[in-house]
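Each residue of the first sequence is one higher than the last, beginning at 0 in numbering that gives the first Met the number 0.
Backbone N, C-alpha and C define an ideal beta-carbon position, used for all residues, glycine too.
Take a look at the structure below.
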Amino acid sequence: MNIRALLEARFADAFAAVGAGDARPLVATAARPEFGDYQANGVMAAAKTLGRKPRDLANEVVGSLDLGGIATSVDIAGPGFINVRLEPSFIATQIGADRALVTPAVPQTIVIDYSAPNLAKEMHVGHLRSTIIGDAMARVLEALGHRVIRQNHVGDWGTQFGMLLAHLEELGNDTTALEDLEVFYQASKRRFDEDPAFADVARSRVVALQSGDEVVLERWREFVRVSQAHCQAIYDRLGVGLTAKDTMGESAYNDDLPKIVAMLQQQGLITESDGAKCVFLPEFAAKDGEVLPIIVEKTGGGFLYATTDLAAVRYRCHVIGAARVLYFVDVRQSLHFRQVFALARRAGLASDQCSLEHHPFGTMLGKDGRPFRTRDGGVVKLSALLDEAEQRAFALVSDKSPNLAETERRAIARAVGIGAVKYADLSKNRTSDYVFDWDSMLAFDGNTAPYLQYAVTRILSLFRRGDVA
RNA sequence: GUCCCCGUAGUUCAAUGGAUAGAACGGCCGCCUCCUAAGCGGCAAAUGCAGGUUCGAUUCCUGCCGGGGACACCA
Numbered sequence: 000m001n002i003r004a005l006l007e008a009r010f011a012d013a014f015a016a017v018g019a020g021d022a023r024p025l026v027a028t029a030a031r032p033e034f035g036d037y038q039a040n041g042v043m044a045a046a047k048t049l050g051r052k053p054r055d056l057a058n059e060v061v062g063s064l065d066l067g068g069i070a071t072s073v074d075i076a077g078p079g080f081i082n083v084r085l086e087p088s089f090i091a092t093q094i095g096a097d098r099a100l101v102t103p104a105v106p107q108t109i110v111i112d113y114s115a116p117n118l119a120k121e122m123h124v125g126h127l128r129s130t131i132i133g134d135a136m137a138r139v140l141e142a143l144g145h146r147v148i149r150q151n152h153v154g155d156w157g158t159q160f161g162m163l164l165a166h167l168e169e170l171g172n173d174t175t176a177l178e179d180l181e182v183f184y185q186a187s188k189r190r191f192d193e194d195p196a197f198a199d200v201a202r203s204r205v206v207a208l209q210s211g212d213e214v215v216l217e218r219w220r221e222f223v224r225v226s227q228a229h230c231q232a233i234y235d236r237l238g239v240g241l242t243a244k245d246t247m248g249e250s251a252y253n254d255d256l257p258k259i260v261a262m263l264q265q266q267g268l269i270t271e272s273d274g275a276k277c278v279f280l281p282e283f284a285a286k287d288g289e290v291l292p293i294i295v296e297k298t299g300g301g302f303l304y305a306t307t308d309l310a311a312v313r314y315r316c317h318v319i320g321a322a323r324v325l326y327f328v329d330v331r332q333s334l335h336f337r338q339v340f341a342l343a344r345r346a347g348l349a350s351d352q353c354s355l356e357h358h359p360f361g362t363m364l365g366k367d368g369r370p371f372r373t374r375d376g377g378v379v380k381l382s383a384l385l386d387e388a389e390q391r392a393f394a395l396v397s398d399k400s401p402n403l404a405e406t407e408r409r410a411i412a413r414a415v416g417i418g419a420v421k422y423a424d425l426s427k428n429r430t431s432d433y434v435f436d437w438d439s440m441l442a443f444d445g446n447t448a449p450y451l452q453y454a455v456t457r458i459l460s461l462f463r464r465g466d467v468a
């Protein structure tokens, strides 16, 4: 039983008994410890509605309130706050009960879309927030008793794969070239930009891929397998629960895309504009009457990510039967998701019972206040970031505890370094940008992972020395 | 230009419409010597501006100022 909910119910009974049954008791945890443990704030509003003095009404509420065995004291304070101090034995039994302090949820099926790296390249810092915030949410919702379905919407399809496959062919399909995916991607792009003949081959591979050419498809599968192994290594280092079975990439929706467009067409939602198939929804009209388009098919054919996301919505709502779909995606995608969600509803790709929610997050900035980059302006690979976190932690640990064996210092450095990166992110406001700063996240002072980890270590040490449990 | 998000101590973050706006780091003033690697106590320090709704506004509404982002065939 949730304590707040229990108190709310008891107060509601008391409110009803004194003729204030229409008002909510508004029970909350106490604002300050000296007030007690919980407080009910609803009397002031109720008194206003009833035209009564708040203190008088509060007295009557307390008179009718039954908190036997729950509270040691119930006091009226200020203009009409009611403060409750809990019975220690009651708290003890609540804590002893299984998951006592967790509100038991009515179980729902919840899809969580997070991480979503582009498999053509290596994961970079831009994927960090989605990955660890989404993972944290998945765990929380599971702990509340929900059926959580993780969906890693990886970028495993599209024009860029034609380029990569063509380059891989040039190298005799030797997948060891993929060990450094970033280098491989850059080389492919260079070939594509510099050699028109290569570009033609690349384009033909895209067509082969999309038309289901088994030979090309097999090479593509191998590429995806290797690339996904890179991601898995990162997930394992981060302690993130994603695995291959959670992958539901863009390619998975390939066959649905023409059907989605046909369906929109049938509903009369599509307007052709400059050769592209667009949907113009009135809710995206500006003051000047200009309406933002949602492009679902390019001039000359070919689909865009709005189409893919519509197919994903349909799958999640209608096939999986999700009650909620949570997207942990960069704030810059806000407009895109507003459009996709609105269109999905309009076209019946999402039922009214299916809640579509974009939970955006801000950008990771460097100390200069600009997006976090390497010194020469390149994107920071996630593996390099985690390497540096462990190295810095190792230097700190070695400095403070030079007597420990190196293997032990390495193990501690891993926990401290990775923990610092994750905690620095999760302890920040999700929706605003934040400055990524090694020194503050690895500090042994303040609101940091090293501080928390040391506090736990110290408590365990006390228990050990005191011979407690 | 249009639309969206955000403005809280010097800094990083808190505060279901509730009481005296909380922490941490940094700063200043004292004190102490170590429970795995964080010493302890104290002090100063903030709701961008102007209205409105409300018994009560950091929170909701309007306008302004400031910052960020997005806006047609990339994702």
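Query                                                                                                              : Result
VAL139, enclosing alpha helix (DSSP H) - first and last residue                                                    : 127–142
Bounding residues of the beta strand (DSSP E) (the contiguous stretch that carries VAL295)                         : 290–296
Exposure of ASP424, with buried meaning 16 or more beta-carbon neighbours within 10 Å                              : buried
SER272 - containing beta strand (DSSP E), residue span                                                             : 269–272
Segment contact, 8 Å Cβ cut-off, at least three pairs: the region 365–380 with the region 332–349                  : no
Endpoints, the alpha helix (DSSP H) within which ASN58 is located                                                  : 53–63
As assigned by DSSP and simplified to three states, the class of CYS316                                            : helix
Buried or exposed (CB count within 10 angstroms, at least 16 for buried), ILE131                                   : buried
Classification of THR48 by the beta-carbon crowding that lies within 10 angstroms, buried from 16 upward           : exposed
Inter-residue Cα distance where the pair is LEU127 and ASP36                                                       : 38 Å
Inter-residue Cα distance where the pair is GLY154 and ARG84                                                       : 54 Å
Per-residue burial, TYR113 [other beta carbons within 10 Å of its own, 16 or more giving buried]                   : buried
For LYS47, three-class secondary structure by DSSP                                                                 : helix
GLU389 vs GLY416 beta-carbon contact at 8 Å                                                                        : yes
Supposed contact pair VAL328 and SER129 - C-beta distance, whole angstroms, cut 8 Å                                : 6 Å
Close-in-space but distant-in-sequence residues of the same chain around GLY248 (CB under 6 Å, 5 per side omitted) : VAL153, ASP155
For LEU303, the three-state DSSP class (helix, strand or coil)                                                     : coil
Between the CA atoms of LEU364 and ILE111 - distance to the nearest angstrom                                       : 25 Å
Between the CA atoms of ASN253 and ALA39 - distance to the nearest angstrom                                        : 55 Å
Between the CA atoms of GLU282 and GLY288 - distance to the nearest angstrom                                       : 11 Å
Boundaries (first-last residue) of the beta strand (DSSP E) holding PHE34                                          : Counting along the chain, PHE34 falls outside any beta strand (DSSP E), and DSSP gives it neither H nor E.
Start and end residues, beta strand (DSSP E) containing THR28                                                      : 26–28
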